[in-house]
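Here's the structure, in structure tokens; my notes come after.
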Amino acid sequence: MPAQEILDRIDQLRRERSAVILAHNYQIGEVQDIADYVGDSLGLARQASETEADVIVFCGVHFMAETAAILSPEKTVLLPDPHAGCPMADMMDVPELRRLKAEYPDAAVVAYVNSSAAVKAEVDVCCTSANAIPVCESVEADEILFVPDKWLGTWVDRHIDKTVHLSSGYCPTHAWITPQEVTAMKERHPEAAVIAHPECSTEVVDLADEVLSTSGMVSAVRERPESAFIVCTEEGMLHRLRKEAPGKTFMTPSARCVCPNMKLITVEKILWSLQDLEPRITVPKEIADRARSAIERMVSTLAESPA
Ligand code: 13P
Ligand code: SF4
16 MPAQEILDRI
26 DQLRRERSAV
36 ILAHNYQIGE
46 VQDIADYVGD
56 SLGLARQASE
66 TEADVIVFCG
76 VHFMAETAAI
86 LSPEKTVLLP
96 DPHAGCPMAD
106 MMDVPELRRL
116 KAEYPDAAVV
126 AYVNSSAAVK
136 AEVDVCCTSA
146 NAIPVCESVE
156 ADEILFVPDK
166 WLGTWVDRHI
176 DKTVHLSSGY
186 CPTHAWITPQ
196 EVTAMKERHP
206 EAAVIAHPEC
216 STEVVDLADE
226 VLSTSGMVSA
236 VRERPESAFI
246 VCTEEGMLHR
256 LRKEAPGKTF
266 MTPSARCVCP
276 NMKLITVEKI
286 LWSLQDLEPR
296 ITVPKEIADR
306 ARSAIERMVS
316 TLAESPA
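Position 277, counted from 1, in the sequence shown is what this note's numbering calls 292; the numbers after and before it change by one each time, with no gaps.
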């Protein structure tokens with residue numbers, strides 16, 4: 016089908032089905048461009064909980080669609096490619112989490128939103144990269160068990176006055192960005208500001224002028240005086256930033272920083288998904304009911320900086 020025909024058909028179906036298309040900042044440009052809302056994990060979860068649409072087409076990865084299904088159990092949540100997972104989320108499962116909870120019985124358990132619904136059902140509160148620090152500050156306990164991202168957990172640990180226990184998960188996509196690459200790019204472009212996602216390693220984060228969630232990056236590039244930015248996160252972010260700040264220059268330190276799961280969603284798959292109302296993402300009621308309050312607390316906690 017010609018490209019314009021696909022877009023027209025998507026528009027027609029989104030009206031007929033009362034559907035909203037939500038896209039993460041790492042989606043391919045064509046998907047971002049047709050979405051009703053493009054944002055970070057926190058913004059997307061908020062949209063999913065507030066939308067009046069009957070159908071949510073989630074252009075992101077599996078844990079994001081699960082979060083939407085938990086927040087809006089009465090809605091149909093579609094993930095246009097069911098294989099779009101998150102390897103970091105897969106680095107923590109329920110038996111390992113229970114083992115860690117037994118090791119640190121006095122710790123409040125905080126799960127990064129990049130985790131399965133089954134893991135979320137076992138924790139006290141969830142957070143995203145935008146509000147990890149305020150969420151961890153807000154828990155009453157002096158000790159925190161933070162799963163699964165060791166790098167985001169390390170970033171939190173540096174900013175709060177509590178003991179933070181970490182697990183060993185990490186994002187394989189952000190791990191591609193090395194401090195050597197960032198340093199080399201800074202030397203070539205000394206005028207550029209470095210913005211980094213907290214899923215980057217501590218060595219990369221230490222080279223950044225600001226450490227931000229993906230939507231935090233959008234606000235930062237609008238507000239900062241520099242006209243060039245070295246962007247340490249998944250390369251889909253460059254499309255969003257170029258649209259938001261067209262007069263500015265954005266560079267990636269590593270061409271390998273591509274999340275293959277985020278790239279599985281295409282406009283063709285969105286069309287098939289709207290036509291068939293498949294693949295649907297559902298969460299068993301027993302798990303959803305136990306995970307919901309931890310996610311709702313995440314959604315209601317303000318981002319550190321406007322996101
Ligand atoms: P945010 O968009 O919430 O910063 O998250 C990045 C990410 O890796 C999502 O998988
Ligand atoms: Fe998971 Fe990393 Fe991809 Fe985000 S960028 S979905 S954390 S693998």
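For every residue, glycine included, the Cβ atom is placed at its ideal position computed from N, Cα and C.
Are residue i and residue j closer than 8 Å when you measure CB to CB?
i, j, result
"Ile-245", "Met-232", "no"
"Ala-318", "Ser-182", "no"
"Val-76", "Ala-309", "no"
"Ile-71", "Val-298", "no"
"Asp-51", "Ala-145", "no"
"Ser-130", "Phe-78", "yes"
"Ala-132", "Ile-21", "no"
"Cys-247", "Val-197", "yes"
"Glu-259", "Val-236", "yes"
"Leu-28", "Gln-290", "yes"
"Thr-91", "Arg-307", "no"
"Asp-96", "Leu-279", "yes"
Is residue i near the ligand 13P - that is, is its Cβ less than 7 Å away from at least one heavy atom of it?
i, result
"Ser-64", "no"
"His-39", "yes"
"Asn-146", "no"
"Cys-101", "yes"
"Leu-57", "yes"
"Glu-202", "no"
"His-254", "no"
"Cys-186", "yes"
"His-98", "no"
"Ser-234", "no"
"Asp-212", "According to the sequence displayed, residue 212 carries His and not Asp. Yes; taking the cut-off as 7 Å, the Cβ of His-212 has a heavy atom of the ligand 13P nearer than that."
Under 8 Å by Cβ, that's how I've got residue i and residue j pegged, so tell me the actual separation to the nearest angstrom.
i, j, result
"Val-134", "Cys-151", "Not really, about 17 Å apart at Cβ, beyond 8 Å."
"Ala-63", "Ala-83", "4 Å"
"Glu-81", "Leu-112", "At roughly 16 Å, the Cβ-Cβ gap does not stay under 8 Å, so Glu-81 and Leu-112 are not in contact."
"Arg-173", "Ala-208", "Going by Cβ atoms, the distance from Arg-173 to Ala-208 rounds to 20 Å, so no, they are not a contact pair."
"Ile-192", "Pro-268", "6 Å"
Who are residue i's beta bridge partners in DSSP?
i, result
"Asp-164", "Gly-184"
"Phe-78", "Answer by DSSP bridge pairing: none, since Phe-78 is not bridged."
"Arg-295", "Leu-93"
"Glu-152", "For Glu-152, which the question treats as bridged, DSSP gives no partner whatsoever."
"Gly-54", "His-39"
"Cys-323", "The requested residue 323 is not part of the displayed model; the chain covers only 16 to 322."
"Glu-137", "For Glu-137, which the question treats as bridged, DSSP gives no partner whatsoever."
"Tyr-127", "Cys-142"
When you measure from the CB of residue i to every non-hydrogen atom of the ligand SF4, does any distance come out below 7 Å?
i, result
"Val-134", "no"
"Thr-217", "no"
"Cys-142", "no"
"His-189", "yes"
"Val-162", "no"
"Glu-111", "no"
"Val-128", "no"
"Glu-249", "yes"
Notebook entry, point to check: So does the segment 241-256 actually touch the segment 38-46, counting three or more Cβ pairs closer than 8 Å?
Noted result: yes
Checklist line | Stretch pair the segment 306-316 + the segment 113-123: three plus CB contacts closer than 8 Å | finding: no
Check: Are there three or more Cβ pairs, one per stretch, closer than 8 Å when the segment 171-180 is compared with the segment 153-163?
Finding: yes
Item checked: Contact the segment 182-196 vs the segment 103-115: 3+ CB pairs below 8 Å -> yes
Next item on the list: Tell me, please, whether the segment 56-65 touches the segment 265-280 by the rule of three or more beta-carbon pairs shorter than 8 Å.
Entry: no
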